[in-house]
Amino acid sequence: MNRSIKKVAVIGSGVMGSRIACHFANIGVDVLLLDIAAPAIPQGGKGSVGKNQIVHDALQTAIKSNPAPLYDKAFAKRIAIGNLEDDIQKIADADWIIEVIVERLDIKAKLFDNVEKFRKPGTLITSNTSGIPIHLMNEGRSNDFKKHFCGTHFFNPPRYLKLLEIIPTPETDKNVVDFLMEYGQLYLGKTTVLCNDTPAFIANRIGVFGIMSLFHLVEKMKLTVDEVDRLTGTVIGRPKSATFRTCDVVGLDTLVHVANGVAASCPNDEQKNVFALPTFIQKMVENKWLGSKTEQGFFKKVKSADGKSEIHSLNLETLEYALAARVKFASVDEAKKIEDLPSRLKVLISAKDKAGEFYRTSFLNLFSYVSYRLQEIASGDLFKIDDAMCAGFGWELGPFEMWDALGLQEMLALMKQENIAVDAWVNDMVANGNTAFYKYIDNAKCYYDANTKSYKQIPGAGKIIALEPLKKTNKIWSNAGASIIDIGDGIINLEFHSKMNTIGSEIIAGIHKAIDTAEKDFSGLVIYNNGANFSAGANLGMVFMFAVEQEWDELNFAIKAFQNAMMRVRYSSIPVVVAPHNMALGGGCEMSMHADKVQAHAELYMGLVEFGVGVIPGGGGTKEFALRASDAFFEGDLELATLKEKFLTIGMAKVSTSAQEAFNLGYLRKGIDEISINRSHQLHDAKLECMEIASKGYTKPVMRKDIKVLGKQALGMFYAGANTMYSGHYISEHDKKISEKLGYVLCGGDLSQPTLVSENYLLDLEREAFLSLCGEKKTLERMQSILTGGKVLRN
Ligand code: NAD
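Below is the structure:
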């Protein structure tokens, strides 16, 4: 059956339901969000929405929450609300009904009785339960319901956490499962993981095991909350919130609920004792120290005597809070200097100090646990466990990937030495001469399938281009900041790998080299990388150094080189597709603005933020906004209003909170640029776009000389506006100066009448303004503030 999802009914508008509704609205689906009818609220009172009060309030809370669940607040209009008394019949129009109500089987069953009365046969019906066995919800249901029913377990917050666990029952139609696995990836941008209907499914079973075993280890090794968070955060490729801060965010009650559920329903789990709550956790639950939701947990915000906010952490022995201590482990400090995670993990696990002992015990226990769980929770498909942990818990490497990184045999030897058991299939696999859980065969990532005892390609890998293995076999060129990799079908990729992917001379050299190479031997170029962020912008340190030393010729040369590189992205004889993700600031934004096409990840925080460091965009960003405003004039938009909008976007250093918003801000171009919702597919999508543009016979574009600038006609407006803002104390004197320079470039200078100018004319103006601002003391103070403390100074 060819299914399409035009309308989704989400039942339950609490923490999860309201945000799941928002994520469907993000992708353009109409949503009906239902909850119980509000009792005894008089209809028509001020602000009253009658029986819809509960669902109304829940949705409003979600929309205002941080991080934002919607790509664009305007998408809220795609969500209609209703209550289960008056509106349940409307589910008849839905293509998919998702149950997200309280975690009680009897209440869910009662709701399903009602759903059965109105649901059209064939409609998908799924539950977001995190703990109730899916098959129990099938009891008493019709055959059509059973065929179309399974678990769809989203993680909180659903927009941002990539995992979607799909949990069928034996009665779920295989086509339904296949559809949900595909839909989740392609439309919702998720990593879909097919799970068995076992307690806590995959991610929570392993994740909560990890946390619970850590709780016990902390007691045994007498480690503090601060020490553990230092040991279990970014240094081992886990989120910055590490262990205890993550527990506070998730809520200790949620964690305890999962742990108790596993302890009660897994009598055959050889490590079931790990899920028993240590005394300090029991006391914390009794005291309602559940984390952020009760304003104290493992950490607590406290006002000091002088009124300053301080973070205090819990002493797990005395259960008293004290100012968080600075923690030092020599081995961790040393390891932090190592860029590559696998090498870092090797150093950590072999450290001779307390940290080393901690890592050996916790890693080896985790490896042991996943070896025994493989069949039960993942039917022998080890990639599912890694996918679930990376997408659901934000780990850089899943347990089997970590094990590979540390050496399969080396870890087995250590486990033997430490008397930690491992399931037979691992020894068997090694005895048969296999040395890793994963390997690449013809550039496709393959996993060891414990059932057939052979390597198999990971399903769905067709849309994933893995740069890492390609770098080993297909690297064409590299320097310290960038690499060029042949990604097949006539397309090469330029990857950045400088610190925070800031753009300095090495990346500039990389751009020229990549375009030269593509023009000679290939048909297109993609600029994409796997860093945490696409790019934090131009190398500010270098600009600051030249400015402090008053090396104006060098600075002029460097800015010109940057502009030239951006113009080369725009004007070459091959198509250039830029594929940014997360932060693309300053120069990262300017580079995208010069591409033939941007293939953006949906999570894109893009902006021309140069005002914050006391300058205007100098890598073609200001020029590009003048050009885009001019194009809008020709399409009939009001000239002054359009120009003013561009001025404010730069002047307020606006950063998009999603790719969708980057369109609204004018950084991305409607009708040209596109969004990949699934980050894992982004490079594949960008490559296809590049191939398509090339296949239509791409030729070098003609340099623009038809940019209409308004000169004095608009300049007065900017000067007067800046002056009013300054007089009203909304902006500083220095902001006024930068604003005037920005206005000057956007207007093409003080020309006496509207004139058509070239890109080079505007680039010269832009560079002059940039350089003159670098000569200002207050600009240098702003740059220094960012470089030394990462803080924006508005002096
Ligand atoms: P919640 O308490 O925030 O929301 C529950 C909603 O159910 C409320 O809006 C409530 O009005 C509604 N409700 C209560 N009684 C009802 C009834 N008799 N009929 C219909 N609706 C009723 O809970 P939540 O955290 O959003 O969790 C909802 C589901 O999602 C649960 O099954 C939970 O296990 C699962 N889940 C939660 C999380 C999480 O982090 N919170 C993560 C994954 C899955």
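The sequence shown: position 746 = 746 (the working numbering), numbered continuously. The beta carbon of each residue, even a glycine, is placed where N, CA and C say it ideally should be. These numbers come from a predicted model, not from an experiment.
| field | Supposed close pair asparagine 529, asparagine 582 - CB separation, criterion 8 Å | value | Incorrect: roughly 11 Å between the Cβ atoms, too far for contact.
| query | Which value, in whole angstroms, describes the spacing of the CA atoms of methionine 703 and glutamine 784? | reply | 37 Å
| Hey, quick one: how far does the beta strand (DSSP E) through alanine 538 stretch, first residue to last? | Premise fails: alanine 538 is in no beta strand (DSSP E) and is neither H nor E.
| task | Just mark aspartate 404 as buried or exposed, buried being the case when its beta carbon has 16 or more other beta carbons within 10 Å. | result | buried
| Status (buried if at least 16 other CB within 10 Å, exposed otherwise) for threonine 779 | buried
| aspartate 248 to glycine 184 span [Cα, whole Å] | 28 Å
| request: Grab me the residues of valine 177's own chain with a C-beta within less than 6 Å of its C-beta, minus the 5 sequence neighbours each way, in chain order. | output: Pro168
| So does valine 100 have its beta carbon nearer than 7 Å to some heavy atom of ligand 1? | yes
| Taking just the CA atoms, how far does glycine 433 sit from leucine 319? | 51 Å
| Would DSSP call histidine 581 helix, strand or coil? | coil
| query | Nearest-angstrom Cα distance between glycine 406 and phenylalanine 358? | reply | Reading the sequence as shown, one finds leucine at residue 406 and not glycine. Using only the alpha carbons, I get a separation of about 15 Å.
| message | Can you check which of these residues, Pro67, Ile675, Gly14, Ala74, is closest to glutamine 53 by C-alpha distance? | response | Gly14
| task | Under 8 Å Cβ to Cβ from valine 235, same chain only, skipping five residues before and after it: list those, please. | result | Val332, Ala335, Lys336, Arg344, Leu348
| query | Is phenylalanine 118 near isoleucine 88, with beta carbons less than 8 Å apart? | reply | yes
| query | Taking DSSP as the reference, what is the three-state secondary structure of asparagine 114? | reply | helix
| said: Just to confirm before moving on: does the CB-CB distance between leucine 188 and histidine 23 stay below 8 Å? | reply: yes
| Do glycine 636 and leucine 608 have their C-beta atoms closer together than 8 Å? | no
| query | When you compare only the Cα positions, how much space is there between proline 157 and valine 250? | reply | 10 Å
| So the alpha helix (DSSP H) methionine 593 belongs to, where does it begin and stop? | 587-593
| field | Range covered by the alpha helix (DSSP H) that runs through tyrosine 359 | value | 354-378
| request: Kindly indicate which three-state DSSP category glutamine 296 falls into: helix, strand or coil? | output: strand
| said: Can you tell me where the beta strand (DSSP E) holding tyrosine 605 begins and where it ends? | reply: 604-607
| request: Could you have a look at asparagine 760 and say whether DSSP puts it in helix, strand or coil? | output: helix
| Within the segment 103-160, ranges of the beta strand (DSSP E) (whole runs, at least 3 residues) | 124-127, 149-154
| said: Alpha carbons only, please: which of Pro459, Ser454, His512, Trp289 is nearest the one belonging to asparagine 479? | reply: His512
| Status (buried if at least 16 other CB within 10 Å, exposed otherwise) for tyrosine 730 | exposed
| query | If we cut at 8 Å on Cβ distances, does asparagine 156 have a partner in chain B? | reply | This model lacks chain B altogether, as it is built from one protein chain only.
| request: Determine the closest residue to asparagine 493 out of Gln682, Phe363, Asp35, with distance taken between C-alpha atoms. | output: Gln682
| message | For serine 752 and lysine 708, which I take to be in contact (beta-carbon distance under 8 Å), what is that distance rounded to the nearest angstrom? | response | Incorrect: roughly 15 Å between the Cβ atoms, too far for contact.
| Buried or exposed (CB count within 10 angstroms, at least 16 for buried), valine 422 | buried
| task | Leaving aside the five residues before and after leucine 688 along the sequence, list all residues of the same chain whose C-beta is less than 7 Å from its C-beta, in chain order. | result | none
| message | At 3 residues or longer, what runs of the beta strand (DSSP E) sit wholly inside the segment 723-780? | response | 755-757
| request: Could you check what DSSP says for alanine 653 in three-state terms: helix, strand or coil? | output: coil
| task | Consider the C-beta atom of glutamate 85 and the heavy atoms of ligand 1; say whether any pair is separated by less than 7 Å. | result | no
| Supposed close pair leucine 773, valine 745 - CB separation, criterion 8 Å | Wrong, their Cβ atoms sit about 11 Å apart, outside the cutoff.
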